[in-house]
Every structure is written in structure tokens, then in C-alpha cells.
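Everything below concerns the one structure shown next.
Chains as they are written, first to last, in this note's numbering: chain R, 963 to 1412; chain B, -16 to 434.
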């Protein structure tokens, strides 16, 4: 344990002193124990969440966050199942359950109610909602209201209800009325909120590479789900303080632009839109991916001293004069910026990823211990693919991947613990998806049926 | 009963927002964080009424102050920084000086939340980490943000949003298959998404503290936050296959892609359900497709070969129509579609202006600027923008005198010893050139002879 070779390497001067290294070693060990969620209390163990979302993962994902923090989350769907069950890459499924639905089945209970068609089921829903803290739904704007189970009606019997509605265009404005029943998907949420406009090659590149390009994951739906869960969390604080509920309205067409804030502000100050710039960057440079001898590396050396350091380790010091300052490295002419990109690439392809990573780490470790304060931190790392991330020792020690087992679905690995908390951490307790599996329990517990 | 949209128009009336309650009023946040990740978490708290005191090194300030797209400033400020730092109190204080620590420890006594995103271990090394702060204030909620987390073999590795995208494998997913290009998620999304999760974790900790009286430590790694957005791990674990890059197509639905219309617009269109697919077939006059099992069975339809056929059919059809016609058909027939919007169109979209998801804010110092509005609209306790970014140390006097009760002599001594300070003459750090700070009642708070 006290083996010197196992001593952690540091890359910042502030943590390099002997005393600090010692403190951080014990602090790190302590955290590894303290941050284990097993046996810890669950923050939302006193709330009931009804997830009535239909064919829309934004709602399912929002419900997952509440479930991970300990809420009793009931997924409500008609007896033929939520169509979201069948949205899955290339149709791959486990006994009729798609992979996305399966991983979001964390800590949830399942009940069948046909809200669209059955008056009796709506009544049961309304009775459940009397006991609930949160309702999530993704039907058309005003649709639940027209069924007598919207915010207006539910809040009369339960003034503490937090009613989260997710639709493409929200619950108010003329457009919301006109598009009240508009359907939602991840790719349309990405497109309508401005993400693909920023991804892809410059306009003079060949088609289709110069088209706007979607993010390779569900950026629209996951961001909308996060927005809904976060809005709901703020509402929970207010409910805890005052007992008062409220309506939370999330528009999936806001996903990207309200997350990053760039599009409205740039559209205003520049009175124009940014063009697509491929692998370059508007603000930080070098900051991206480069080819190397055996694949790709990620390089981030955007501050002036980081950049100087990068030039040194790549043997490119002759470029320093032309590209010295940040504004030199982020010209608004793509062809100019590409000159630097290519100059760096000419060097990176001479080395393997490991060689480049080690060059950078060696430099930073040395600079952290040097008396000279202008060292910089040129970062070079490998780009992981999902299997590589699954194998990573870092995330194994931090218990990010967890094997779960379900009677129907079998054994598989899911990602969990997106944030570590010392007292009331989120966690995954089980994963299951059987339609209506908790009908009896829910009716007994919340509807006083026998 | 009243018409639903008349009811909701009143419920969410944007002009009534400023008269509504602020949920986090009275919550004090001591904010050591910089750039985007940490500041996004605290910005969200500030939008709901928390008193966020942002600490910066005098005459240098946050690294993100001067970091603007293509180096284009707006009124000597980084226009993108206003969104991240709205409603915050700016205190310029040099952490390296022992007297500065005294100020910080005194603030920490009354803080509900502390946030930092230095390289892992730095806050501990500087004596402002959880170890020290929780001694002063055991009920504190302390958020540490980093790329890889505060423990584990990679913890000291330097990081940025890009490195989190690389470590989480998000970076390997965007682009066209069989090309040599991978595109990063734009606009530092790898900071913003984890920042939002940081705010959520803080809210959960506040909720827990109210129930139990206990504070806690939060270790948020942005790479792990991004991993929460991927089903790719379980997919690989179950099938042994990698999804990789899929270009403009979403492999979970079909058709689901970005297409070009007759009038040269880019249109995202998707069929997530059987019903939506039937709606599209009807719009295309291709109900014949609904007679073939390979297209009606949802799992069959998603198989790459079948998906390719349907994507091609949809692509040809979209080429024959203008964007507006497609949106009309999508609304009538019930399938998702949306044009790819860019910065300018988002900024000037009347729906967003009416809704309040793009706001034209009128600031005392900077005047009018368009900002993104709240990502979720709350009917009773909505988020709001109260002021934009301010120069370094703009709130020094307000924080020291009003919040902490320091005397005029104490403040001038701190100034003289350069423990507190403001800005120098660089864009991003200083106020706009037309603005007269001498006349500013907040900057000069409590100064004799001033209002």
C-alpha cells in the first residue's frame, strides 16, 4: 500500500506539495467509502410520482431521475404497453422490451390504465393523483384536461400536486394551441431547438457531409427529461416549504437552445447564424479530435500556455509566432483555421495514441513541479468507445456500471450513479418492465382495494 | 369550463413572472466555480432566487470572461457569459491571501451551498474544500465538479468538456459511419448538461437537509453525468454489438432522419410509433407499405435493411414538398417533424418570444440583450433574469458592507492590501465604455456622498 510506485501522479502545481499529496491520498480513500450508496437514506422516499407519459422518453427519463432519488414511481400505460417500449436501436429487444425502455425501467412500478379510452381508469388515476406529489404526462396540450384529469382538476383535490407536462410546443401561446397534438421525437427536438445546425462540415464541403447533423445519442429527449426533472425538483422545494404544488411546462423544442443559451444570444448580437465549422471550434483551440498512428486522440490545449506546451511536445515550436494568442487560433475564416489543424495532424499521425498521451502527461507532471509558472497543461487523451468506457478502471472503482437481474429480462449491465452524494445518493435498486406487474400492489396500497 | 389555452395563458403569463415568489430566496451560495460547468449549476439556483456570490481573482477573473466566439465582443463583454452569470453577486477576492480566507470562512458560516470546479484536490489544497468548510459549517451542501470525479485513478487528470465527451464515449457517436470524422457535441454541452445535473443534486440535498438537518458532499464527474444519457452500454452488454456513428439517422425509429425539402430546407422527420408511421404512409399516399409485415412490425421495421428502404422512400417524398407543407401534414396526420433551426431563427422565433424561452432582457448596465429563458416554465415560482454579468468586484462593497457588516475602514484596508479588487482595462473584465461606474449605486454601495 505504501509502495512508492503506486503513488498518484499529479498534474497541477497546487496539489503537488508533500503535505497536500498525503491529505489527498487519505481524502480519496475516505471518499471511496463514503460515496457508496448502500444503506444510505433516499431523499424522495416520501413521495409518489405518477408517470403517464406516452410514446415519449422525455417523460420516462424525468420519472427515472425521481425514481433514482427514491421516489415511488408508477409508470402508467395501457394494457398493450407504451409504444416507447418498441423504440430501440435496430429493433434489438429483450422479450419485447427495447433497450432504452429497459434501462429507464430503474426502480419503477408498472400499472395498466387506459387513460385515452376508459372513464373508469381515469377515475382511478384521479384517485391515485390525490396521493401523488408529482404527475408527469406527455399527451397533447390540454388533452388530459379534456379528460377531466389535467392540472386544473387534479389540483382542486390535491393543491400540493406538481404537474409536469411535456410537449413539443408547450401549454400556452397561440402556437401551442395550433400544435396542441403535434407528435414528439428525439430528432425533431434536436432539430427544432438548434443542435444539428452546429454540427457537420462547412457549407462548401461535399453533400451530405455539409448538412446539419444530429447528435449520435438522444440529446433532445434526454435534455428535455432533465429539464422536466430539474423544474420538478424546484417545484418540490416549494412544495416542501409551503405545501403548494404547481404546473411545470416543458417544451421539447426548447431543449438545446435553453440548455446552452448560445442560439438566442448569438442570433441577437451577431444578427446572423453561425456556419457549421466541422471539427473546429469557435472559442477554444486546439480543442478536438486528431488522427494518430493507431486511431484518434482528443487534444485540448486552448489557453495560450497550454498551446505553447503542446507545440513543444509535438516539436512544432516554429508555429508559435503565427498562432500565439487565442484570437489567432479561432479565426472566422475556416480555411485559415484549417492550416493549424493540419499542421498538428502532420505530427499526431507520427505517433500512437499511447505515445501522445504519455508525452502530454509527462510534460504536465513535470510542469506542475517546476518553479517556472508558465508551464501549461496540454491535454491529450484517447477517445473511448462504449466498450472501452465499460472496461475503464476509473468508472469501475466509482461503481458506475452495475449488473442487475430481473426474472423476465435476465441479467445485464446498466449505468448508474451519475452523481455521488455522501448522505442521500441516487441509486438503482432494480430494473424491471413487466406490463401491469404492480397493479395489485398499487390498488391495495393507494386505492384501498382488496 | 374556461377554454384550456385561455386558462394556461393566465397561469403562465410572462408579464406576471416578476411578481411571483422566488423559491430559493434566502439560500446563500458561495460560488468558487468558473468557466461553464460549475457556474451553470449555480446560475440555475440564482434564477430561482438564491443569493449566489461568485468569487473571482481580482484583475484576472473567470477564464470565460474573455472567451467569446471568434473573439467578437459585445459592449466589451463576452455576450455568451451573461447567460451563465445572470443574477450573481461578483466579489473580487484573492484567495491566496490569508485575510481573504477569513472573509471566505465568515461567508461560509452563513452559506447553504458551496460550489467549486477546480482540478480535483485543488479546493482541498487551498483550505476551501469540504474538509475545512464542513468544520466551519457542518450543515453545508458542498458541490465539487470535475471531469473524472474526486476519487479513482484518473481523478487528477486534467479535464474539459471535451475530455468528458471522450471518456464517456459520447464523442465516438456523432458522425457518418465509415468516415474518419467524429464531431463533438457543440457549444460545450458536456459542461451544460452536467451543470444542470449539479443543480438537481443540490436541490435534492436541500430537500434532504430540510428533512434531516444534515448537509452533505456532492462529487459530480461530468463524464459520468454524460454517461447517464447513453443506452449504448447496455446495448453492447446485451448484444455484443456497437452502434457507432449512424449519420443523420436515429436507429431507434424509422424513418427518423434529417432530409432536404424541395425548397432547400433541412427537415427532421421521425416515426416513433406505429400510429405515426401509418400517418406518414397516409401523407405519402403509400398505404401499401402498411400491408407488408416487415414494415408494420415495429422491431422488423427497425432492422437496418428495412430501415434503409423506408428512409429512402421518405427522403424522396420530402424532396417533392416544401417545408411548410410537410409541417402542415405532420400536424394533420400525426407524425413528428421539425425544421432544423439556426441561431438567427431561434432568436427571432415569435413563439419563443411569446413563451419566454427567448427573452429580450433590458439590463441597467448593458441595455437590451436576447437570452435563453427558463428550460421549464413553473406556474407559481418561475425562474427569472434580474441582471446580467457584471465587472469583476462589482458587488464588493455590497457583499462586504451589507451582507457581512464590514466597516468603511475595514473595506479600504482590504482594498489597499489588494485582498479585494476589481478589474483592469481588458474586454470581458471591465464595464462597457459608455457606463459611468462612479454614478452606480451598487458599485458604490454605502460610500459617503453617494445614494
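Even for Gly, the Cβ is constructed at its ideal location relative to N, Cα and C.
All values reported here derive from a predicted model rather than from experimental measurement.
In the DSSP assignment, residue 308 of chain B falls outside any beta strand (DSSP E) and lies within the alpha helix (DSSP H) extending over 306 to 316.
Per DSSP, the unbroken alpha helix (DSSP H) holding residue 1319 of chain R starts and ends at 1315 to 1331. The C-beta of residue 179 of chain B has 16 or more other C-beta atoms within 10 Å across all chains shown, which makes the residue buried. Taking a beta-carbon distance threshold of 8 Å, residue 970 of chain R counts as an interface residue toward chain B.
Taking 9 Å as the cut-off between beta carbons, the residues of the segment 1154 to 1181 of chain R near chain B are 1154, 1155, 1156, 1157, 1158, 1159, 1160, 1161, 1162, 1163, 1169, 1170, 1171, 1173, 1174, 1175, 1176, 1177, 1178, 1179, 1180 and 1181, in sequence order. Between residue 1315 of chain R and residue 1344 of chain R, the CB-CB gap stays under 8 Å.
Interface criterion not met: the Cβ of residue 1305 of chain R is under 8 Å from no Cβ in chain B. At a Cβ-Cβ threshold of 8 Å, residue 147 of chain B and residue 199 of chain B do not count as neighbours. For the 8 Å CB-CB criterion, residue 68 of chain B and residue 26 of chain B form a contact. Ranking R/1354, R/1167 and R/1206 by CA distance to the CA of residue 1096 of chain R puts R/1206 first.
In this structure, B/93 is the residue among B/85, B/80, B/66 and B/93 with its C-alpha nearest to the C-alpha of residue 34 of chain B. In the structure shown, residue 262 of chain B adopts helical secondary structure according to DSSP, grouped into three states. Per DSSP, the beta-bridge partners of residue 1252 of chain R are R/1259.
The C-beta of residue 1403 of chain R has fewer than 16 other C-beta atoms within 10 Å across all chains shown, which makes the residue exposed.
Nearest neighbour of residue 285 of chain B by Cα position, chosen from R/990, R/1122 and R/1055, turns out to be R/1055. For the options B/349, B/321, B/380 and B/232, the alpha carbon positioned closest to that of residue 419 of chain B is the one of B/349.
By the C-beta density criterion, residue 1087 of chain R is buried, having at least 16 other C-beta atoms within 10 angstroms. At a cut-off of 8 Å between beta-carbon atoms, residue 42 of chain B makes no contact with chain R. Annotation: Cβ neighbours of residue 54 of chain B in chain R (cutoff 8 Å, chain order): 1288, 1289 and 1292. Residue 32 of chain B has its alpha-carbon roughly 29 Å from the corresponding atom of residue 1157 of chain R. As computed with DSSP, residue 1038 of chain R is found in a beta bridge with R/1073. The C-alpha of residue 336 of chain B is placed about 35 Å away from the C-alpha of residue 75 of chain B. B/365 is the residue among B/365, B/416 and B/296 whose C-alpha sits nearest the C-alpha of residue 5 of chain B. Here residue 350 of chain B is bridged, per DSSP, to B/346.
Residue 289 of chain B: member of the alpha helix (DSSP H) spanning 287 to 302, first to last residue. The three-state reading of DSSP puts residue 1363 of chain R in strand, counting E and B together. Note on residue 422 of chain B: under 16 other CB atoms within 10 angstroms of its CB, so exposed under the neighbour-count rule.
Proximity to residue 378 of chain B across B/417, B/351, B/429 and B/345 peaks at B/429, based on C-alpha coordinates.
Residue range 144 to 151 is occupied by the alpha helix (DSSP H) that includes residue 150 of chain B. Under the Cβ criterion of 8 Å, residue 340 of chain B is counted among the residues facing chain R. If the five residues before and after residue 1400 of chain R are omitted, its C-beta is found closer than 8 Å to the C-beta atoms of 1036, 1071, 1072 and 1073, all from its own chain and listed in chain order.
By DSSP's assignment, residue 204 of chain B forms a beta bridge with B/129.
At a beta-carbon threshold of 7 Å, the residues of chain R lying near residue 330 of chain B are 1225, 1226, 1229 and 1230, ordered along the chain. Interface with chain B (8 Å Cβ-Cβ cutoff): residue 1114 of chain R is included.
Taking C-beta separations shorter than 8 Å and ignoring five residues to either side along the sequence, the partners of residue 1162 of chain R in its chain run 1171, 1172, 1173, 1174, 1175, 1238 and 1240, following chain order.
Beta-bridge analysis with DSSP links residue 72 of chain B to B/36.
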